[in-house]
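Residue numbers (our numbering): 3 to 459.
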Amino acid sequence: MSKTAGLEKLRPCGITTTDVSPIELKGFIWQALHKVIARHPALSIIVLKEDQQDAEVHFARLPSIDLETCVEFIEHKHVVTAGDRDEELELLLQDQHRINFRDDIGSRPFWRLLILQNPGNQSTFTAAWFFHHALGDGGCGPIFHRTFLEALRSNASLPPGTELTSTVTPPSTPLLPKFEDLHPHPLSWPFFLRAILGSIFPSFFDPRAPKLWTGPPVTAPNPLPGSKVQLLPLSASITTHLLKLSRENNTTMQATLECCIASALFSVLPAERYDKVIASSPISLRFILQHEGKPIGNDDFVLALADYSHTHTRASHPSSNEKFPWEEARAVRATIQAKVAKKGADNAVSLLRYVSDMHKFFTEKVGQERKVSFELSNLGLVRAEAGTENEWKLGRCVFSQSPNVTGPPICCSVVTGGDGCCVLAFSWLEGVVEDEMVTAVVDGVEKQIQCLLGEKD
Numbered sequence: 003m004s005k006t007a008g009l010e011k012l013r014p015c016g017i018t019t020t021d022v023s024p025i026e027l028k029g030f031i032w033q034a035l036h037k038v039i040a041r042h043p044a045l046s047i048i049v050l051k052e053d054q055q056d057a058e059v060h061f062a063r064l065p066s067i068d069l070e071t072c073v074e075f076i077e078h079k080h081v082v083t084a085g086d087r088d089e090e091l092e093l094l095l096q097d098q099h100r101i102n103f104r105d106d107i108g109s110r111p112f113w114r115l116l117i118l119q120n121p122g123n124q125s126t127f128t129a130a131w132f133f134h135h136a137l138g139d140g141g142c143g144p145i146f147h148r149t150f151l152e153a154l155r156s157n158a159s160l161p162p163g164t165e166l167t168s169t170v171t172p173p174s175t176p177l178l179p180k181f182e183d184l185h186p187h188p189l190s191w192p193f194f195l196r197a198i199l200g201s202i203f204p205s206f207f208d209p210r211a212p213k214l215w216t217g218p219p220v221t222a223p224n225p226l227p228g229s230k231v232q233l234l235p236l237s238a239s240i241t242t243h244l245l246k247l248s249r250e251n252n253t254t255m256q257a258t259l260e261c262c263i264a265s266a267l268f269s270v271l272p273a274e275r276y277d278k279v280i281a282s283s284p285i286s287l288r289f290i291l292q293h294e295g296k297p298i299g300n301d302d303f304v305l306a307l308a309d310y311s312h313t314h315t316r317a318s319h320p321s322s323n324e325k326f327p328w329e330e331a332r333a334v335r336a337t338i339q340a341k342v343a344k345k346g347a348d349n350a351v352s353l354l355r356y357v358s359d360m361h362k363f364f365t366e367k368v369g370q371e372r373k374v375s376f377e378l379s380n381l382g383l384v385r386a387e388a389g390t391e392n393e394w395k396l397g398r399c400v401f402s403q404s405p406n407v408t409g410p411p412i413c414c415s416v417v418t419g420g421d422g423c424c425v426l427a428f429s430w431l432e433g434v435v436e437d438e439m440v441t442a443v444v445d446g447v448e449k450q451i452q453c454l455l456g457e458k459d
């Protein structure tokens, strides 16, 4: 199943003293991408026979990449004030999340880069990078942008007469082994038996909790519904205070945001029908992986994830005019810590090796209830070297992903950029939840955060 994921927004990311012409900017971008592609062999691969039996699906390396097919330059129609919601970017994300990477397969890579240029200022731009999930997990988004930033800085200027070529010859560097070969994936008997029996006798071994909201059952519409996106940017000051407040209450930013979303959901769901929601979140396992005796670096493309889930009850989330549920936030933190401590053991991803037919595995979900209410995926702070005054710099970042047809009805993707601002990107599928409901949830999260800061004051 094809899934696009990942975007980060560079703002400001420019030379601070001298503007460059559109032609020069294109040259900077192309030169930088030559270096980025040479550094990351995953950027040259595509997935073939994705719609066939599992044994037929495989990676293939493109013999060459024409940047004209995967890089597009667009003029940003409106200049957005720092901290404001960028509705133009929201529409761009929605459109891009609906594009299938399998169109014209073999003629272009499984990624796209859109350069949004600000009117009248060629030295500041937004780089929107979209990639197929098979290339790596969400953490590969910051890796791409850090490498891209380094490459831009190394191209301090374009010498006169520099030949600009859009054709890139991919490196012959081998890919890292797949996740299954980088980690032993141990499973305890209780975990394994519970999963097997739960799939065979769900009513006995995996019963659904009463009054649990997970949206409507899974459907298989044709064509697939489009993705919708709404952004919630937080200022650097609010981001800093929210992080500090979380630590003062012995929890994390992740747990605090999760409780904000759960509380916002309870505020829009009818109390007589729903008193539970389940949150899930991916956890990166790259920190425990090794290859050829060396740790997997923070700049390598890999798809290595576990996940945790936490059930929130209405009783643990008082109404908005009462105190914030810090006890619940600490419980979420404990859930995360317990999962991280397992170091990849008893990972639901490890069970996929026992799935003989992946297509059947997903199609059998049609008509079934969804397992999770919302997903919160947090990349944390995107770190990059500050650079000198006249070098390219990393600014505002945004991370979003297209929701899974069989997954949670609402997704929230979070990242904090070089400007210190945390941005929450809410995404959902048309027809799965109403736009008005998600907007109410986003407004509720914003009010929760405002109330939190009011408590601190």
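Quick reminder that beta carbons are idealized off the backbone N, C-alpha and C, glycines included. A quick note: this is a predicted structure, and the numbers were derived from the prediction, not measured.
Enclosing alpha helix (DSSP H) for P235 [first to last residue]: Looking up residue 235 in the sequence shown gives position 233. Premise fails: P235 lies in the beta strand (DSSP E), S229 to P235, not in any alpha helix (DSSP H).
Residue ranges of each alpha helix (DSSP H) within the stretch 49–102, 4 or longer: You should have 89–99.
Helix, strand or coil at V443 according to DSSP, with G and I counted as helix: For the purposes of this step, residue 443 is identified with residue 441 of the sequence shown, where counting begins at 1. In this structure, V443 counts as helix in the three-state DSSP scheme.
Cβ neighbour criterion (16 or more within 10 Å) applied to G369: Position 367 of the sequence shown, counted from the first residue, corresponds to residue 369. G369 should be labelled exposed.
Alpha helix (DSSP H) segments (min. 4 residues) lying fully within the stretch 110–174: 142–156
Through-space distance from V220 to T365, alpha-carbon basis: The sequence position of residue 365 within the sequence shown is 363, counting from 1. The sequence position of residue 220 within the sequence shown is 218, counting from 1. T365 and V220: Cα-Cα distance of roughly 10 Å.
Meets three-Cβ-pair contact criterion under 8 Å: the stretch 234–252 and the stretch 280–291: no
Simplified DSSP assignment, three categories, for Y310: For the purposes of this step, residue 310 is taken as the residue at position 308 of the sequence shown. In the structure shown, Y310 sits in a strand (DSSP, three-state: E or B).
Buried versus exposed, by CB contacts within 10 Å (16 or more), L184: Locating residue 184 in the sequence shown gives position 182, where the first residue counts as 1. Burial call: buried.
Given F112 as reference, the closest of K341, E448, A62 and D277 once Cα atoms are compared: Your numbering for residue 112 matches position 110 in the sequence shown. If you compare the alpha carbons of K341, E448, A62 and D277 with that of F112, the shortest gap goes to A62.
Close beta carbons around A264, own chain, < 7 Å, minus the five adjacent residues each side: Here residue 264 refers to the residue found at position 262 when the sequence shown is read from its first residue. Once the five neighbours on either side are set aside, the close Cβ partners of A264 are V279, A281, H314 and H319.
Coil, strand or helix - I451 by DSSP: Here residue 451 refers to the residue found at position 449 when the sequence shown is read from its first residue. Helix.
T254 (DSSP reduced to helix, strand or coil): Along the sequence shown, read from residue 1 onward, the residue named residue 254 stands at position 252. T254: coil per DSSP, three-state reduction.
Nearest neighbour of F150, chosen from I451, Q256, L455 and W394 [CA to CA]: Locating residue 150 in the sequence shown gives position 148, counting from the first residue. Per the Cα distances, W394.
Beta-carbon proximity list for R41, same chain, < 7 Å, skipping 5 on both sides: The residue you call residue 41 lines up with position 39 of the sequence shown. If we look at R41 and ignore the five residues flanking it on each side, its Cβ neighbours are T149.
Cα-Cα separation between T71 and L189, rounded to whole angstroms: By one-based count along the sequence shown, residue 71 stands at place 69. By one-based count along the sequence shown, residue 189 stands at place 187. T71 and L189 have their C-alpha atoms roughly 44 Å apart.
Run of the beta strand (DSSP E) containing I338, from where it starts to where it stops: Residue numbering aside, residue 338 sits at position 336 when the sequence shown is read from its first letter. Per DSSP, I338 belongs to no beta strand (DSSP E); it is in the alpha helix (DSSP H), W328 to A343.
CA-to-CA distance, E77 to P121, given in whole angstroms: Translated into the one-based positions of the sequence shown, residue 121 becomes position 119. Translated into the one-based positions of the sequence shown, residue 77 becomes position 75. Rounded to whole angstroms, P121 and E77 show a C-alpha spacing of 7 Å.
CB contact flag (M255, D56, <7 Å): On the sequence shown, residue 255 is found 253 positions in, with the first residue counted as 1. On the sequence shown, residue 56 is found 54 positions in, with the first residue counted as 1. Contact flag unset, no.
Reduced DSSP category for L383 - H, G, I as helix; E, B as strand; rest coil: Here residue 383 refers to the residue found at position 381 of the sequence shown. Strand at L383.
Stretch-stretch touch, CB-based, cutoff 8 Å, three pairs: the stretch 338–348 with the stretch 369–389: Short answer: they don't touch.
Beta-bridge pairing of C414 - partner residues as DSSP gives them: Numbered from 1 along the sequence shown, position 412 holds the residue referred to as residue 414. Paired residue(s): L378 and F428.
Simplified DSSP assignment, three categories, for A281: As a working note, residue 281 is residue 279 in the sequence shown. Three-state result, A281: strand.
Cα-Cα separation between W131 and E152, rounded to whole angstroms: Your numbering for residue 131 matches position 129 in the sequence shown. Your numbering for residue 152 matches position 150 in the sequence shown. If I take the Cα positions, the gap works out to 16 Å.
Cβ-Cβ distance between A306 and L287 below 7 Å: As a position in the sequence shown, residue 306 is number 304, starting the count at 1. As a position in the sequence shown, residue 287 is number 285, starting the count at 1. Their beta carbons are under 7 Å apart, which means A306 touches L287 by this criterion.
Whole-angstrom distance between E52 and S358, CA atom to CA atom: As a working mapping, residue 358 is identified with position 356 in the sequence shown. As a working mapping, residue 52 is identified with position 50 in the sequence shown. Distance between the alpha carbons of S358 and E52 is about 15 Å.
For H293, the residue or residues it bridges with in DSSP: Start at 1 with the first residue of the sequence shown, and residue 293 comes out as number 291. Answer is K296, bridged to H293.
Same chain, Cβ closer than 7 Å to V435, neighbours up to 5 away in sequence not counted: As a position in the sequence shown, residue 435 is number 433, starting the count at 1. If we look at V435 and ignore the five residues flanking it on each side, its Cβ neighbours are G217, P411 and I412.
Among W328, L27, N252 and T253, the one whose alpha carbon lies nearest that of N123: As a working note, residue 123 is residue 121 in the sequence shown. Residue L27 is the option with its Cα nearest to N123.
Backbone secondary structure at Q403 - three-state DSSP: Here residue 403 refers to the residue found at position 401 of the sequence shown. Reduced to three states, the DSSP call for Q403 is strand.
Beta carbon of K230 nearer than 7 Å to that of Q98: The count along the sequence shown starts at 1 and reaches residue 230 at position 228. The count along the sequence shown starts at 1 and reaches residue 98 at position 96. Going by C-beta atoms, K230 is not nearer than 7 Å to Q98.
The stretch 243–253 touching the stretch 429–444, judged by at least three CB pairs closer than 8 Å: Three or more Cβ pairs closer than 8 Å define a contact, and the stretch 243–253 falls short of that threshold against the stretch 429–444.
Sequence-distant residues of its chain with Cβ nearer than 6 Å to I101 (five each side left out): For the purposes of this step, residue 101 is taken as residue 99 along the sequence shown, with counting starting at 1. The answer is none, since no qualifying residue turns up.
N-terminal and C-terminal residue of the alpha helix (DSSP H) that E371 is part of: The residue labelled residue 371 in the question sits at position 369 within the sequence shown. Counting along the chain, E371 falls outside any alpha helix (DSSP H), and DSSP gives it neither H nor E.
CB contact flag (G446, S269, <7 Å): Translated into the one-based positions of the sequence shown, residue 446 becomes position 444. Translated into the one-based positions of the sequence shown, residue 269 becomes position 267. A contact, by the Cβ cut-off of 7 Å.
Per-residue burial, A2 [other beta carbons within 10 Å of its own, 16 or more giving buried]: This structure cannot settle anything about residue 2, because the visible part of the chain is limited to 3 through 459.
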